[in-house]
Every structure is written in C-alpha cells, then in structure tokens.
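Residue 214 is where the sequence shown starts when you use this note's numbering, and the numbers rise one by one after that.
By construction, the Cβ of each residue, glycine as well, lies at the ideal position given by its N, Cα and C atoms.
Just so you know, these numbers come straight off a predicted model, no measurement behind them.
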Amino acid sequence: MQKPQSTQDVEALWRKAEAHGLSRRRFLGLLSSGGTAAVLGVCAGIPVAAAENTGSRAGGMMTNPASGRLHVQPDTEPFFIPHGTNSEMRWGLQARGDCFVMDTGQFFIRNHGATPIIDHTQWRLRIEGSAVKKPLALSYDDLTALPSSTLTRFIECAGNARSFYAKFLDKPGQGTQWLLGGYGVASWTGVPLAEILDRAGVTGSAVSIMASGLDTSGFKKATPIDKAMAEDTLVVYGMNGAPLPYDHGFPARLLVPGWLGSFNVKWLGSLEVADEPLWSKWNTSSYVLIGPDYEDPGGPPEGELIYWQTMKSAVALPWPAVLKPGQQRVRGYAWSPHARIAKVEISLDGGNGYQPAELIEPNIAAAGARWAFTLDAQPGLKSITPRATDEKGNRQWPISEQVWNKKGYIWGAVVPHPVDVAP
Ligand SMILES: Nc1nc2c(c(=O)[nH]1)N[C@H]1C(S)=C(S)[C@@H](COP(=O)(O)O)O[C@H]1N2
Ligand SMILES: [Mo]
Numbered sequence: 214m215q216k217p218q219s220t221q222d223v224e225a226l227w228r229k230a231e232a233h234g235l236s237r238r239r240f241l242g243l244l245s246s247g248g249t250a251a252v253l254g255v256c257a258g259i260p261v262a263a264a265e266n267t268g269s270r271a272g273g274m275m276t277n278p279a280s281g282r283l284h285v286q287p288d289t290e291p292f293f294i295p296h297g298t299n300s301e302m303r304w305g306l307q308a309r310g311d312c313f314v315m316d317t318g319q320f321f322i323r324n325h326g327a328t329p330i331i332d333h334t335q336w337r338l339r340i341e342g343s344a345v346k347k348p349l350a351l352s353y354d355d356l357t358a359l360p361s362s363t364l365t366r367f368i369e370c371a372g373n374a375r376s377f378y379a380k381f382l383d384k385p386g387q388g389t390q391w392l393l394g395g396y397g398v399a400s401w402t403g404v405p406l407a408e409i410l411d412r413a414g415v416t417g418s419a420v421s422i423m424a425s426g427l428d429t430s431g432f433k434k435a436t437p438i439d440k441a442m443a444e445d446t447l448v449v450y451g452m453n454g455a456p457l458p459y460d461h462g463f464p465a466r467l468l469v470p471g472w473l474g475s476f477n478v479k480w481l482g483s484l485e486v487a488d489e490p491l492w493s494k495w496n497t498s499s500y501v502l503i504g505p506d507y508e509d510p511g512g513p514p515e516g517e518l519i520y521w522q523t524m525k526s527a528v529a530l531p532w533p534a535v536l537k538p539g540q541q542r543v544r545g546y547a548w549s550p551h552a553r554i555a556k557v558e559i560s561l562d563g564g565n566g567y568q569p570a571e572l573i574e575p576n577i578a579a580a581g582a583r584w585a586f587t588l589d590a591q592p593g594l595k596s597i598t599p600r601a602t603d604e605k606g607n608r609q610w611p612i613s614e615q616v617w618n619k620k621g622y623i624w625g626a627v628v629p630h631p632v633d634v635a636p
C-alpha cells in the first residue's frame, strides 16, 4: 500500500479502501505497518501531523487552516460525531482490546475557534509577570531541550456527558451536547511546568498563572500555583510519540491532569505568573457552577469555581448499539481524576442490580482503565450501565442524585447505554 503524504491522501486512501470493502481495522493496520510508535500501548492510527504549513513562509507566525477549515486533521463522520468547532470521539471505535491509549487521529477536539497553524521556528513561549524574577522567552528548541517526562493521562471536557442533563433530567445544560466522547487518553511528552517556573525565578508569593492561547478566540485560563507546580503538570510538545498535532495545540499546550479540559491550554503563547488571582471569562462566566443548588461566591466569578473532572465510565459501543443475541464480550473504559479504578460493575436493569466486570491493565489515576464483561444478550435487554469506583472510594452516583447546573458541567452519574438485541 502506498504511503500517505498528507491528511488529504489519508482521506482519499480511506475512501478507496472502503470501496474495496476493506475493514477499517485492516486499513489502519496497513497504514501503520510502515512503523510502530515507540510508546507502550499506543495504537496504530491515522498519521495526523502531515498537513502543510504554507503560511509560515510568508513570514507570519500564524495562519488559519486552508480553505476555511476549522480543523487540520480529517475528522469525518465515521470517526467523529461533529459538533461545530468540536469533534466527539466515537466510543464504538474503541472496542479493540489491544490498546488503551486512543489513536491520535481519533482523539476528541474541543476548540473555541479554528485551529491556528503556528510556525514553531518563529514561536516563543513567554514566561513573565509580577511573580517571576527572570522573565523568559523559550523557543521550540529551548523547550524541547529541557528535561522531559512522558505520562499517560486523560484530557476530558468539563461539558463531557452534558447531553444527559436533557435526556435523563429533562433540564438541558447550555453548550455542546456531548455524549461520553469528550474524553481521550494519550501519552503526553513535555517539560514539567515547575521546571520552567524555577528557571524563570518564580517567587514565593506566586498565586496564579494565566496561560494564554494563540488562537483567535483569545482563550486563556488561570491555574493556581500549587497545581502548576505539581510534578505531572507539563508543558507538552509530544502526543503518542509524535509532535503535538495542530488541532491539539502545536507547538505546545498545558497538561493539567485530572482537572477540567479547559485548563489544558493549547497553542500556548504566554504564561503570566502573578501574586494575585487572575481572571478571564473562562474562569468567571464559563467553567463555573450556576444553578439553584450552587451559591454565588461573590467577586469576579459568576458561580462556584470548578477544578476537578468527575468520575465516569463508558461502554465502547455505538450509541445506540444493536447487539446479536447470545454470549459476547462487551468492553469499555472507566476513569477517575483522583485515583486508579478499584472496580467496575455492570447493571442490565437500568441501575438497580449490579454485577462485577473485569478490569484490564493499565490502570492509571487521571487516565483510567479498561473493563470487559461477558454479556449473555437476551431479547428485551434495553441498556448496559457501567458504574465505576476508584481506589479512594469515590463512586459514580445514580442519575437521581445528579445535581443540575446551568452550563451542564461535571456530570458524574452512571449512564445507561441504550442497546437493542436483534437477531
Ligand atoms: N487555546 C485554547 N486552548 C484550549 C481550548 C481552546 O479553545 N483554545 N479548548 C480547551 C478545552 S475546553 C478543552 S476540553 C481542551 C480540549 O483539548 P483537545 O482538543 O486536545 O481534546 O482544550 C482546551 N484548551
Ligand atoms: Mo472543555
């Protein structure tokens, strides 16, 4: 099979392969047979870093993707559920048992605007502000020469599962109506943020770090200093053993494990380190909890600040799924921002009785674990409901205990995955 040179080539090859009746799995296998990722548990997938960076030659640091595209990579329907600037990962594609980390080309995309294409040779990451003694401007070469870590962690959108407020509570949350595919696990390579802050002479009075993206949305988000100094908070330049793709933040993004997806600022341009709390609309009116069960904290934020993602579990089947009757293996994922997964149980009656599922290694805090369950599918089965418990004793709650908030963040209840058993 010929080797694709660009994302367009991949799309064309895929169409050709489909016309020849080639299964997706076989197609991906063929694509990747040229080389395997050197990162444990990384699956074969669509190469994503192949798009041309044409604008940089004109001398500017940034252009927008060609012909008005929102994303650089192909994120067509068989692979993603489209939601405007966002693309949701399809859980039905994650049923293979042999890999834990999601294919880079299947990782969800959550953008407040179009993906910018940044020329890494012109790019600098500025570290500045009232709480650094030595402001820095790191080039791509400077950054990638610093001591690095490679970690497997999830990134998950605060609004993941938002559609279930409408579906199960009959009270919609405002925003993209994600099912459970605003979540992905990857192996991230980057420099501990603490390492960079140390080099910038961060002072003892630092409180807050405003990370600004270079996308036209002006996206920026402040992280408190303690989390910024945690050893697994990284300035990431690699994803699954390859350069960070444009859509996921090339040349560099933050990884803030276990916290809301929005802390993981992409296309990072500057880090302002301040000795006072910093605010942008992304920690005052967005990513705050507003509703009858939440208090108005007073001050700049319009609702209770949120930091941590909630536990969830998902069934790796299409939504809804059609199953053949009889015995079969059903697989899925479970994740907690706080700890490894201790157990996953499955309910076949919508959340009354539960029976144990098996856990499959790896099992990593703030990443997740896979589970498998031998199902004897009988006609009349309507749903499969997984429920996760982590090693700190946190557990997903029943739908009846899910507290609503206006913007539909941090769903943590179990989700009955709809199925139909048909001969
Ligand atoms: N600069 C910038 N960073 C950003 C965003 C953005 O729109 N602009 N979206 C954030 C949100 S809300 C999420 S959930 C994650 C999604 O990361 P991904 O697209 O790599 O999955 O990126 C975050 N970082
Ligand atoms: Mo998000």
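Classification of residue i by the beta-carbon crowding that lies within 10 angstroms, buried from 16 upward
i: Asn-565; result: exposed
i: Gly-386; result: buried
i: Asp-354; result: exposed
i: Ser-418; result: exposed
i: Lys-537; result: exposed
i: Lys-620; result: buried
i: Val-535; result: exposed
i: Gly-281; result: exposed
i: Gly-545; result: buried
i: Glu-485; result: buried
i: Thr-598; result: buried
i: Pro-514; result: buried
i: Pro-611; result: exposed
i: Gly-606; result: exposed
Reference residue i; option with closest CA among the options
i: Asn-618; options: Phe-377, Val-632, Trp-495; result: Phe-377
i: Lys-433; options: Thr-446, Val-478, Ala-590; result: Val-478
i: Ala-413; options: Ala-487, Thr-587, Leu-364, Gln-609; result: Ala-487
i: Phe-586; options: Leu-594, Arg-600, Pro-569; result: Pro-569
i: Arg-583; options: Trp-304, Gly-297, Val-449; result: Trp-304
i: Tyr-459; options: Ser-596, Ala-327, Pro-599; result: Ala-327
i: Ala-358; options: Glu-408, Gly-342, Phe-321; result: Glu-408
i: Val-420; options: Pro-437, Leu-410, Asp-428; result: Pro-437
i: Glu-558; options: Leu-588, Phe-463, Val-415; result: Leu-588
i: Glu-574; options: Glu-489, Asp-311, Ser-343, His-296; result: Asp-311
i: Asn-324; options: Thr-416, Tyr-450, Trp-480; result: Trp-480
i: Ala-590; options: Asp-562, Glu-341, His-296, Ile-422; result: Asp-562
i: Ala-527; options: Thr-298, Pro-287, Gln-286, Met-302; result: Met-302
i: Trp-521; options: Leu-530, Leu-502, Asp-633; result: Leu-502
i: Met-452; options: Thr-416, Asn-496, Arg-366, Thr-523; result: Arg-366
Alpha carbon of residue i to alpha carbon of residue j, nearest angstrom
i: Val-543; j: Ala-580; result: 20 Å
i: Arg-553; j: Lys-440; result: 19 Å
i: Ala-263; j: Gly-397; result: The predicted model places Ala-263 with a pLDDT of 30, which falls under 50 and marks its position as unreliable; any figure quoted below should be read in that light. Between Ala-263 and Gly-397, the C-alpha separation is close to 21 Å.
i: Gly-471; j: Pro-550; result: 4 Å
i: Ile-294; j: Ala-350; result: 38 Å
i: Ala-555; j: His-284; result: 37 Å
i: Asp-509; j: Arg-375; result: 22 Å
i: Gly-318; j: Glu-290; result: 13 Å
i: Gly-454; j: Ser-400; result: 7 Å
i: Trp-532; j: Gly-625; result: 19 Å
i: Thr-602; j: Val-404; result: 31 Å
i: Ser-352; j: Ser-361; result: 15 Å
i: Val-628; j: Leu-306; result: 18 Å
i: Glu-489; j: Leu-473; result: 21 Å
i: Met-423; j: Ser-483; result: 8 Å
i: Leu-467; j: Thr-363; result: 13 Å
Residue i - DSSP class collapsed to helix/strand/coil
i: Gly-545; result: strand
i: Ala-407; result: helix
i: Arg-466; result: strand
i: Trp-584; result: strand
i: Glu-508; result: coil
i: Arg-608; result: strand
i: Trp-336; result: coil
i: Leu-356; result: helix
i: Thr-365; result: strand
i: Gln-568; result: strand
i: Thr-602; result: strand
i: Gly-297; result: coil
i: Asp-460; result: helix
Residue span of the alpha helix (DSSP H) that contains residue i, given as start and end
i: Lys-440; result: 438 to 441
i: Ala-379; result: 376 to 382
i: Asn-496; result: 494 to 497
Residue i: CB within 8 Å of a non-hydrogen atom of ligand 3
i: Arg-337; result: As presented, the structure is devoid of ligand 3, carrying ligand 1 and ligand 2 as its sole ligands.
Residue span of the beta strand (DSSP E) that contains residue i, given as start and end
i: Met-524; result: Note, Met-524: premise wrong, no beta strand (DSSP E); not H, not E.
i: Pro-631; result: 630 to 634
i: Met-423; result: 421 to 426
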